[in-house]
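Below is one structure, written out as structure tokens; comments come after it.
2 protein chains.
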Amino acid sequence: MSKKINIAIIGLGQIGIYLYNELNLKKKEILIKTGKSINIVAVSAKNRNKKRKFKINKKIFYRNPLNIIKDKEINILFECIGKSDGISKKVVEKAIKSKIHVITPNKALISKHGDYLSELAEKNKVNLEFEASVGGGIPILRTIKEGLATNKISKVYGILNGTCNYILSEMESTKDTFFNVLKKAQNLGYAEPGNPKLDLNGYDALAKVKILSSLSFNKKISQSKCLMEGIENIESKDFDIAEQLNLRIKLLGITEIVDNKLFERVHPCLVKKNTYIGNVGGVMNAVILEGKPVGESVLQGEGAGPGPTSSALMSDLLSILRGNIKYPFGISQIKRKQIKTYDVNNYVNSLYLRFEVKDKPGVLSQITKQLAKYKISIQRLIQIPDNLRKKASIIIITHNVKEYYSKKCMNSFKSNKNVLKTPVLIRLF
Amino acid sequence: MSKKINIAIIGLGQIGIYLYNELNLKKKEILIKTGKSINIVAVSAKNRNKKRKFKINKKIFYRNPLNIIKDKEINILFECIGKSDGISKKVVEKAIKSKIHVITPNKALISKHGDYLSELAEKNKVNLEFEASVGGGIPILRTIKEGLATNKISKVYGILNGTCNYILSEMESTKDTFFNVLKKAQNLGYAEPGNPKLDLNGYDALAKVKILSSLSFNKKISQSKCLMEGIENIESKDFDIAEQLNLRIKLLGITEIVDNKLFERVHPCLVKKNTYIGNVGGVMNAVILEGKPVGESVLQGEGAGPGPTSSALMSDLLSILRGNIKYPFGISQIKRKQIKTYDVNNYVNSLYLRFEVKDKPGVLSQITKQLAKYKISIQRLIQIPDNLRKKASIIIITHNVKEYYSKKCMNSFKSNKNVLKTPVLIRLF
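One line per chain: the protein sequences are A and B, in this order.
For the first sequence, the residue numbers in this note's numbering are 1 to 429.
For the second sequence, the residue numbers in this note's numbering are 430 to 858.
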């Protein structure tokens, strides 16, 4: 690698523009740390004249990012567009094929096309780095690939979506509704203003889980359907009950090896208030790794926003500039095998269920009968009447139950007219 | 670097022997991850025939480690003897001069001679790696050097000594005496059986603080005298009072830049129970970094023992095998400047003071008068009589007070015959 390094930034949204500024600010420091002199020679976005937080050099602006690769000699390209397909994938593909190192925070792209792109990078002897795709500023991927390199990791779990964690923390402390808190999160820039769905339904966290699994267990990225549940149906009353039980609601992403099979999932959990994970509040992300011989390791940090993301992108840049050509997933593509998927139907857990029902005689008995039919035994039951609306909430904590039965049982309530809404189900952690 | 790598392990104590076994177990994995085939070609310890946890190959045993460097072609040497001077320093020095990469968990060596050895390594173009010297299995140094590479770090603090954290946690939960809990810690292998002094008096944590400062602020290792206080004088009654105040006692290591000067310190602190740091119990280590743009990052993991230490040593090995020749302290030696030391006398803080006094009239007034003389104002005062022994404990929480005055004031009690012991002083965090 020569001493002068040409850089292109594709995408000038919140992250791209922050990175643009950071790179310019830290040229000297980068030179001191790596001996390389960086220069941003091209940027690309949809709109050239959009008002941005930092001014860009319009002379190096391109509307079509693919032209940059054609026109200029680029050493390192930052893809900051987002989305798993379309132009972002095309740019990354073309860059790698042109022997350009690629750095991206795009978890959707990596969790979907990571194996293919990684193979391409290996073939073309360039780096494909994606530290910023998981855990914001927490250098979690680097820690798994390098810091804990020879550990046998058995389980990784944590809070992987800052938006959801903010909403859950805020709903708990303010007793406000999901809708109001979501609006607040959007105003603060924690949630997508247009369509926050991918954060709220667990998709974003699951993409991160898939990347974590793949690195932790040295396997190909799993493309199978996983248990994925979001936080959209959680209401204030769930927090009230959790409080009574000394529990807290968190959206967790979990990946582990069970019976030599991969079990990945994202869903809300009830965690004990006095545990570590129960005390990670706000937009924080936290990842807990269980490995041998290291034991339990915890990493926590700000999970979102241009600052932390930029910190991770810069760490990727420095790694490349220091000449660390590495396999994107820590080992060569041919050594990364497929792994079988654990059948979620066998998953056994204790559940929190909330039913919204008509307040009339016999309803409770209908519910308990149905639970018994599916071998679900009750540990605790709380009924809260809403006399004004002639409704009631029935909250049930179950003993351990197989996913297979709980799923069937929950489905069976769809046809019950006394049950007014889809029951809320939260797993006890 | 050729494909075959010869390794020597110097020191076969708890850590050396565990590492010996790990290296043999993970040869294949290391080959897959790095393309290098490692081979332990020499080991050295005082006693050849000592009973060890794993059997060693006696054919490669040396009594004098310096002979290994003379006799064999070594690529990477692990120094696992410990201590800042003597044979450990000699071996490391000679190895580096012979163009051998060195990996060591020896914090005493690095905090004292790190600058000199790092310069030597840079001159000889070899790595000097010491991830295991701080935070056991937590890859904290790698995180600062790489994961957070371009952040401006302003403060690093945490629980850096697992032995002390275990003792404090255990004293709190069992109400047992310092002496008994220390014995228990020694039986469990958490504290040195012979001389645990360097753990208990804060020396070990301070060595780690010095390494952290140097990496975080890109400066030379400070050799100045620092505020260093251990946990030897803490008694059960301090935990009782802490409990009443909803606080917890932790030994913290702290380094920060104040007025462009370096302020390093290790001392017991009273922390709030509901904070993150207040909930790190047992032998755990935890480090909190404040940086820009990343925000606050937290790393937590098992801080001691051969498993976690070995995990860190292996990460250093893989870094070298992947060909990452790097400056030991992240930047070139000539770019690492000296930094001025903050005058601890200016440090302002609220204090917890416990006086053991004769229970007779006028003593309390003597103490409060003395405090007033040194401009120390009282926020809270608790007096606990011990009628049987005609003694009393006087506990005082002060308002903010300058270190200069509190030191003078505490010294002034030495000549007071009514004060039976050196007062206990714990800083509020």
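Each residue gets a CB set at the ideal place from its N, CA and C atoms; glycine is no exception.
In terms of CA proximity to A/ILE56, A/LEU12 leads the group A/SER84, A/GLY82, A/LEU12. Under a criterion of Cβ atoms nearer than 7 Å, the residues of chain A adjacent to B/MET743 are, in order, ALA149, THR150. Annotation for B/HIS542: the continuous alpha helix (DSSP H) segment containing it runs 536 to 552. Just so you know, the alpha carbons of A/THR398 and B/PRO568 end up roughly 40 Å apart. Under the three-state reduction of DSSP output, A/ALA45 falls in the coil class, being neither helix nor strand.
C-alpha of B/VAL786 to C-alpha of B/THR797: approximately 13 Å in a straight line. Identification of residues in the region 736 to 763 of chain B having a C-beta nearer than 7 Å to some C-beta of chain A yields GLY736, PRO737, SER739, SER740, MET743, SER744, LEU747, SER748, ARG751, ASN753, LYS755, GLY759, ILE760, given in sequence order. By the rule that beta-carbons nearer than 7 Å mark a contact, B/GLY591 does not touch chain A.
In the DSSP assignment, A/THR150 falls outside any alpha helix (DSSP H) and carries neither an H nor an E. Taking the Cα of A/GLY291 as reference, the smallest distance to any Cα among B/SER651, B/ASP605, B/GLU599, B/ALA741 is reached at B/ALA741. Out of B/LYS766, B/CYS838, B/VAL853, B/ILE754, the CA that lies nearest to the CA of B/HIS530 is found in B/ILE754. At a Cβ-Cβ threshold of 7 Å, B/PRO735 and B/TYR447 count as neighbours. Taking C-beta atoms under 8 Å as the contact rule, B/GLY566 and B/MET713 fail to qualify, at a distance of about 11 Å.
Straight-line spacing of the CA atoms in B/TYR491 and B/GLU558 works out to 23 Å.
Cα atoms of A/GLY82 and A/ASN418: separation of roughly 44 Å, rounded to the nearest angstrom. In terms of CA proximity to B/ILE824, B/PRO852 leads the group B/PRO852, B/LYS612, B/LYS604. Each of A/THR341, A/LYS407, A/VAL294 was checked against the Cα of A/VAL348, and the nearest Cα belongs to A/LYS407. Apart from the 5 residues on each side of it in sequence, A/GLN186 sits with its Cβ closer than 6 Å to the Cβ of PRO193 in its chain, given in chain order. Under the DSSP assignment, B/GLY724 falls in the beta strand (DSSP E) whose first and last residues are 724 to 731.
Under the Cβ distance rule, B/PRO722 counts among the residues neighbouring chain A, one pair being separated by less than 7 Å. Take the alpha-carbon of B/SER643 and the one of B/THR738: they are about 21 Å apart. Using a Cβ-Cβ cut-off of 7 Å, A/THR104 does not count as an interface residue toward chain B, since no Cβ of chain B sits closer than that to its own. Between the alpha carbons of B/LEU570 and B/LYS637 lies a gap of roughly 10 Å. Contact note: B/PRO568 reaches chain A through THR143, GLU146, GLY147, LEU148, using a C-beta cutoff of 8 Å and chain order. Ranked by how close their Cα comes to the Cα of B/SER665, the residues B/GLY710, B/GLY724, B/SER602, B/ILE706 have B/SER602 in first place. When the beta-carbon positions are compared, A/LEU318 and B/ALA550 stay at least 7 Å from each other. Interface annotation for the region 700 to 715 of chain B against chain A: TYR705, ASN708, criterion Cβ-Cβ distance under 7 Å. When rounded, the separation of the alpha-carbon atoms in A/ARG354 and A/ASP238 is 8 Å. Pairing A/ILE10 with A/PRO65 gives a Cβ-Cβ distance under 7 Å.
Of all C-beta pairs linking the region 269 to 285 of chain A to the region 197 to 204 of chain A, fewer than three are shorter than 8 Å, placing the two stretches out of contact. Beta-bridge partners assigned by DSSP to A/ARG265: A/LEU227, A/ILE254. Among the CB atoms of chain B, one or more fall inside 7 Å of the CB of A/GLU302. Under the 8 Å Cβ criterion, the region 265 to 277 of chain A counts as touching the region 215 to 234 of chain A, having at least three qualifying pairs. Contact fails between the region 71 to 88 of chain A and the region 168 to 184 of chain A, because fewer than three Cβ pairs, one in each stretch, are under 8 Å apart. For A/SER297, same chain residues with a beta-carbon under 6 Å away, outside a window of 5 residues either side, are LEU289 in chain order. With respect to the C-alpha of A/ILE30, the residue from B/LYS488, B/ALA471, B/LYS581, B/ILE596 having the closest C-alpha is B/LYS581.
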